[in-house]
Structures are given as C-alpha cells and as structure tokens.
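Only one structure is covered here, and it is reproduced in the block below.
2 protein chains.
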Amino acid sequence: MENIDQVIFYKLEKAIRSYRQFAQRQIKTSGFSITIDQWLTIQNILEHPGIKQQELAEKVFKDNASITRIVELLVKAKYLKRKVHKADRRRTTLIVTKEGEEVVEKVNEVILQNRAKALQEIDREQLMAMDNILHIITTNCQE
Amino acid sequence: MENIDQVIFYKLEKAIRSYRQFAQRQIKTSGFSITIDQWLTIQNILEHPGIKQQELAEKVFKDNASITRIVELLVKAKYLKRKVHKADRRRTTLIVTKEGEEVVEKVNEVILQNRAKALQEIDREQLMAMDNILHIITTNCQE
DNA sequence: GGATAATCTTTGACACATCAATAATTGCGT
DNA sequence: ACGCAATTATTGATGTGTCAAAGATTATCC
C-alpha cells in the first residue's frame, strides 16, 4: 500500500472534480444554463443583501477578480443588477432580479438531489470526521 | 449545527483550494516557475514512458484538451519534446528533457514538504477513512 | 480495396483561477 | 484643507477546465 500522504490530495482532487462534473451535467440536463459558481454567487447575495464583492469573494472562496467576472456574466444574463453604493461610491450594490431568484430556486432542487446522490451510502458520522480533517488541512495551509 | 450534507462540498473545495494556493506559493518562493499540474504531468510521463496523451489525461484526471495545452507549454519551456509515434502516426510520443527531469526532481522535495505540512496533526487512520469516503463519492458521481 | 467506423489529438469558444497593476474613492493625520 | 495611505473594484496576462467539433490517421467490414 502506497503511503496515504502521497495520494490523498490526488484523491481529493478526483472526488471534487467528479462531483463538479456530475452536478454540472445534472443542471444542464435539467434545462438550466447556469454554472454552479454562478448559482452559488447569487445564493450568497440573497442570503447577505448589500454584501460587498470582497466579502462575497471570501464566502464563495474565490478572489476579487473572479467575482468581478462572474458578476459581469450574471448581469449580462439579467440575473443581477449593479448599483453604486449610496454612502461609499467605491462599492457596488448587487441586486438579484426576479429572474435570478427564480432560477436559483429551481436549480436549488437539482443541487439537493445531486448532493444526496453523491453522498449515498456514506454515514454521517464519517462525514463529520472528514469535515474535521478538511478543516485541519485548511488551517495548516494558511499560515 | 447545519446539515453536514449541505456544507461538505464547500469544505472540500475550500480545503483543496487552500492546499493548492499554499503549494503553489511554496514552489514559487523556492524559485521555480512551474505549476503543480505541469509538474504532475512530467512526473507521470517519467513513470510511464511512451504513455499516450489520452491515458495521461486519465492519470492526472484532466481531459484531452487540457493535456494538449499543458504539453504545449511544457514544450515551450523546454521540459518536454514531442515526437511522432513510429507505429501509429496519430499518436505523439512525449519525451522529458534533461531540464525537465531536473526541475521535477527539485520540485519533488518542495511538494513532499508541502504535503507533510498540510497533513500535520492528522492521524493516518483518519486519513484512510477519508480516502474511503472520497472513493465512494467519486463512484457515486460516475454513474 | 474502398467506404465507413473508430482512435488520437488539436482547436475554438467560453468560464474560472491567480497574480500583479491600476483606477477610483474614502479616511486619516497633521 | 492637504497629502498620503487604505479600501474597493476592475483590468491584463497567463494557465486550466469543459464541451463540442474537426483533423488526421488507422482499423474494420463487406
């Protein structure tokens, strides 16, 4: 047996990529043309109205540049609107349109199904343990 | 406590991204200008001489298009050479240059250190358990 | 042995990641 | 007030991911 240290990151990549491919495929075959990142972005704006892009970036674990571009596409798709922030003109206020809300709500169901499918046959105790390990890895890498 | 199903994929992404950022930063500050994916690609060619790009893609869990582009950059960097396969002219034979070998060898050490750091304070039994879960997720997403 | 199918790789189009540099605006110190 | 630092967002450059289509070559089948 190979040393687990030397393969675990590969396995991590593989699992997350399998899930992403699977999830994106499901969304597509359900008739939506939105990416998971875009869905997650809108979701977070809804949950935190008035959030600034910088905070948004942290929430979805991306950087500012990526957020700028994702927002751009979402505005083009008419799922978001930009407004200049009243008190601070450096900031942008992001507003989810009715279309945006509708899409997110519908895609939500698909995502729930995806997660259930992906986690089939795994017991919750083990998941909690994994969550713990992931947390340690994350902090180990942030010093 | 939130439902673990609804956050575990987020945690997965976060952990893998933290590790990637950390690892790439370490490689850079060690004086190398190679990406982890490029390193992994060369590594696999060395381990499987004469491998075809399609198989290579599977090994590093990418698709053919990505491999084509990574190889392109590695040829530019003079870490790889392309040759037409003798028996089958559709194929490309990939050859690692001396420079390529040297870089990989040196970067290897950095990567070993990175992994050790990232897995600090985690016991191996738990890692094995996580490996198992990751495997289940991967197969659940591939039907 | 010539049409057709299968295999291997590349290319195009678009989305996202990362780093560094640049605007634009606000806040602070004196 | 003024200059300068800090904050917020955008842009440019380069690398990777994904899907679909196309090119090139080889295998198959009648």
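For the protein sequence lines, the chains are A and R, in the order given. Numbering that gives the first Met the number 0 puts the first residue of the first sequence at 0, with every later residue one more than the last. Numbering that gives the first Met the number 0 puts the first residue of the second sequence at 0, with every later residue one more than the last. From the three backbone atoms N, C-alpha and C, an ideal C-beta is built for every residue, glycine too.
Backbone secondary structure at residue i - three-state DSSP
i: R/THR91; result: strand
i: A/LYS58; result: helix
i: A/LEU118; result: coil
i: R/LYS75; result: helix
i: A/LYS27; result: helix
i: R/VAL103; result: helix
i: A/VAL6; result: coil
i: A/LYS51; result: coil
i: R/LYS80; result: strand
i: A/GLN125; result: helix
i: A/LYS97; result: helix
i: R/GLN37; result: helix
i: A/ALA64; result: helix
i: A/ALA22; result: helix
i: A/GLU12; result: helix
i: A/SER32; result: coil
i: R/GLN42; result: helix
i: A/GLN112; result: helix
Residue burial classification, residue i (beta-carbon count within 10 angstroms, cutoff 16)
i: A/ILE94; result: exposed
i: R/ASN113; result: buried
i: R/VAL103; result: buried
i: A/GLY49; result: exposed
i: R/GLU12; result: buried
i: A/ALA117; result: buried
i: A/THR137; result: buried
i: R/GLN37; result: buried
i: R/ALA145; result: Here chain R covers residues 0 to 142 and nothing more, so residue 145 of chain R does not appear.
i: A/LYS27; result: exposed
i: R/ALA14; result: buried
i: R/GLN77; result: The sequence given here has Lys at residue 77 of chain R, not Gln. Exposed, by the Cβ-count rule.
i: A/ALA86; result: exposed
i: R/ALA115; result: exposed
Inter-residue CB distance, residue i and residue j (contact presumed, cutoff 8 Å)
i: R/CYS140; j: A/SER65; result: In fact, because the Cβ distance is near 24 Å, the residues do not count as touching under 8 Å.
i: R/LEU126; j: A/ILE7; result: 6 Å
i: R/THR91; j: R/ARG81; result: 5 Å
i: A/ILE35; j: A/ARG24; result: Actually they do not touch by this definition, with Cβ atoms about 11 Å apart.
i: A/ILE135; j: R/ILE121; result: 6 Å
Would you check if there are 3 or more beta carbon pairs closer than 8 Å linking the region 29-40 of chain R to the region 95-111 of chain R?
Per the Cβ contact rule, the region 29-40 of chain R is in contact with the region 95-111 of chain R (3 or more Cβ pairs under 8 Å).
For the pair the region 37-45 of chain A and the region 67-77 of chain A, tell me if three or more CB-CB distances fall below 8 Å.
By the Cβ criterion, the region 37-45 of chain A is in contact with the region 67-77 of chain A, since at least three pairs of Cβ atoms, one from each stretch, lie closer than 8 Å.
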